[in-house]
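See structure below.
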Amino acid sequence: MADKPQSGELFGIPYNFERPSVGRLLSSYWQPGKGMLVKKPFGIGYTLNLASWRSWVVLLVAGAMLYQERSSRGGEETVEESEPVEVVVDDD
1 MADKPQSGEL FGIPYNFERP SVGRLLSSYW QPGKGMLVKK PFGIGYTLNL
51 ASWRSWVVLL VAGAMLYQER SSRGGEETVE ESEPVEVVVD DD
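Under the UniProt record's numbering, the first residue of the sequence shown is numbered 1, with each subsequent residue one higher.
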């Protein structure tokens with residue numbers, strides 16, 4: 001049986017299942033001069049290039065949205081617990 005390739009592209013999506021090393025992990029997440037997305041060091045697809053300022057904007061927006069969602073969810077739980085909810089079922 002022929003050996004299957006450990007890295008390559010399938011339908012334009014990169015994959016890499018070679019055992020990752022620390023150097024390869026660090027160098028793949030920090031690639032100055034490349035775009036916002038770079039090939040993942042292990043697995044399927046792309047990841048953020050932390051050398052790009054656009055990646056940091058994406059991380060800040062995602063963090064702000066997560067913070068807002070968690071803080072608003074905590075406030076809604078106290079309102080839901082204290083106020084009863086009326087459910088009306090209409091039988092036609």
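All residues carry an ideal CB built from backbone N, CA and C; glycine is no exception.
When rounded, the separation of the alpha-carbon atoms in residue 31 and residue 49 is 6 Å. Assigned with DSSP and collapsed to three states, residue 38 falls in strand. Proximity to residue 4 across 11, 12 and 17 peaks at 17, based on C-alpha coordinates. For residue 9, the closest of 26, 54 and 39 by C-alpha to C-alpha distance is 39.
Between residue 45 and residue 56, the alpha-carbon positions lie close to 19 Å from each other.
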